[in-house]
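Heads up: the sequence lines are chains A and B, in that order. Residue numbers for the first sequence follow the working numbering, so the first one is 1 and each next one is one higher. Residue numbers for the second sequence follow the working numbering, so the first one is 1001 and each next one is one higher. In this text, a Cβ means the ideal position worked out from N, Cα and C, and glycines have one as well.
2 protein chains.
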Amino acid sequence: MRHTEHTVTIDAPAEIVWDVLVDVEGYARIFPPTQEVTILEETGEYQIARLVVDVNGQIQSWVSRRDIDVERKVIAYRQLETAPLMGHMGGEWRALPLGDDRTQLVLTHDFCPRTPVDGKVAGKFTYEEADELLRAAVERNSVADLAAVKAAAERQAVGAGRVS
Amino acid sequence: MRHTEHTVTIDAPAEIVWDVLVDVEGYARIFPPTQEVTILEETGEYQIARLVVDVNGQIQSWVSRRDIDVERKVIAYRQLETAPLMGHMGGEWRALPLGDDRTQLVLTHDFCPRTPVDGKVAGKFTYEEADELLRAAVERNSVADLAAVKAAAERQAVGAGRVS
């Protein structure tokens, strides 16, 4: 299992960043590759949602469970029904206050490819190839996803007049 | 100016991580490339220190000022006398509590190469080459430095019996 952590500083209060993170249906608006998000189940403590995402020009779909800790501003996600190459995918979004006006947003991933069948993952790749494809995709998407949340939260903070 | 942020989760309370960060003389013990640290000036609010560091087999030296915010557990550092290729180097160490037993440690860098003289930085490299060398060094050192602080803090936390 690989573990990665990525982070960005956001010029917006943690409450605004949190609102962006919790609004999973809004992901289709702020993350360009995300085509559609359907909430299958939702309480104050968790969400289960189907995501339809353009992964390198290929439409893929998976189901994620997101456990929501409002107090700590942490969302622990994991794919219940994984994307094609994925054996496991989970991690956390953490919105840590940096004073009143800024937030340290952290995104962690724990992942590994599917177990190969007849030496191949998804009928196409060696384990090493699948691992490298996932590693590169996680790297790319982490940077893009953090930037997208940062942009959305900073727009809202300016709109709310909370950051000059 | 380039801006980067790196992070790691540490299984130790923020107080222990903070103690490791503030003990700049201890850096020679925990960061293998750091040969020697001499404190030139120190108050409760800042430190000025000369660091002697092995950078890819070459001994380099610079002077850093570190402004210490005990309340927020943030150290803002900047090189007053820069390393050979460096035009500016500054950033922050941030120890953000993740509950009582864990810490999100963040290390940011803002940097750029020196202005070329007769088209060369330090008499040797084009601006683009110096920029790429610095970028690669910051990437490598960030990962290594975070891992070193993590290891030192987790050792101390186990020693202090605060994490089982």
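Taking residue i as the reference, which of the options has the closest Cα?
| i | options | result |
| --- | --- | --- |
| V158(A) | H88(A), D101(A) and A130(A) | D101(A) |
| A1144(B) | V1070(B), K1120(B), V1074(B) and L1105(B) | L1105(B) |
| W1093(B) | V1149(B), R1029(B), A1160(B) and E1154(B) | V1149(B) |
| V138(A) | V37(A), A28(A), L85(A) and T9(A) | L85(A) |
| A165(A) | T4(A), A14(A) and G87(A) | With chain A covering 1 to 164 only, the question about residue 165(A) has no answer from this structure. |
| G1057(B) | T1034(B), T1108(B), S1064(B) and F1125(B) | T1034(B) |
| E1036(B) | L1051(B), E1045(B) and E1132(B) | L1051(B) |
| T4(A) | E41(A), R140(A), V63(A) and G87(A) | R140(A) |
| Q1047(B) | L1133(B), E1128(B), A1028(B) and Q1079(B) | Q1079(B) |
| A1147(B) | M1001(B), R1002(B) and V1017(B) | V1017(B) |
| A83(A) | A130(A), T103(A), K73(A) and Y27(A) | A130(A) |
| I1068(B) | R1135(B), T1043(B), D1054(B) and I1039(B) | T1043(B) |
| F111(A) | A49(A), S142(A) and L134(A) | L134(A) |
| G32(A) | A151(A), E132(A) and E128(A) | Reading off the sequence, residue 32(A) comes out as Pro, not Gly. Out of A151(A), E132(A) and E128(A), A151(A) has the C-alpha closest to the C-alpha of P32(A). |
Since residue i meets chain A, which of its residues come closer than 9 Å, beta carbon to beta carbon?
| i | result |
| --- | --- |
| R1072(B) | L98 and G99 |
Would you tell me roughly how many angstroms separate the C-alpha atoms of residue i and residue j, rounded to the nearest one?
| i | j | result |
| --- | --- | --- |
| P1113(B) | V1020(B) | 29 Å |
| I59(A) | P1116(B) | 47 Å |
| T7(A) | L1098(B) | 15 Å |
| D23(A) | A1076(B) | 34 Å |
| E81(A) | T1009(B) | 27 Å |
| H88(A) | S61(A) | 14 Å |
| I30(A) | T108(A) | 19 Å |
| R1066(B) | G1091(B) | 10 Å |
| M1(A) | D11(A) | 33 Å |
| G26(A) | L1096(B) | 28 Å |
| S1064(B) | E45(A) | 46 Å |
| D54(A) | F1125(B) | 41 Å |
| E41(A) | V1121(B) | 58 Å |
| Y1127(B) | A1049(B) | 28 Å |
| G1123(B) | E1132(B) | 16 Å |
| T1038(B) | A28(A) | 53 Å |
| R72(A) | T1103(B) | 13 Å |
| S142(A) | V1074(B) | 25 Å |
| A1136(B) | A136(A) | 18 Å |
Name the chain B residues whose beta carbon is nearer than 8 Å to that of residue i?
| i | result |
| --- | --- |
| R94(A) | L1098 and Q1104 |
Which bits of chain A does residue i rub up against, with CB to CB less than 7 Å?
| i | result |
| --- | --- |
| T1004(B) | Near T1004(B) there are no residues of chain A at all, since even the closest Cβ is about 10 Å away, more than 7 Å. |
| V1008(B) | E5 |
Mind checking which residues open and close the alpha helix (DSSP H) that includes residue i?
| i | result |
| --- | --- |
| V1022(B) | A1014 to V1022 |
| A1152(B) | Y1127 to G1159 |
| R1029(B) | Y1027 to I1030 |
Let's see if you can read the secondary structure: which residues bound the beta strand (DSSP E) around residue i?
| i | result |
| --- | --- |
| L98(A) | M86 to L98 |
| A1076(B) | V1074 to E1081 |
| R1114(B) | Run containing R1114(B): none; DSSP gives neither H nor E here. |
| T1004(B) | R1002 to I1010 |
Any beta-carbon of chain D closer than 7 Å to the one on residue i?
| i | result |
| --- | --- |
| V138(A) | The structure shown contains no chain D; its protein chains are A and B. |
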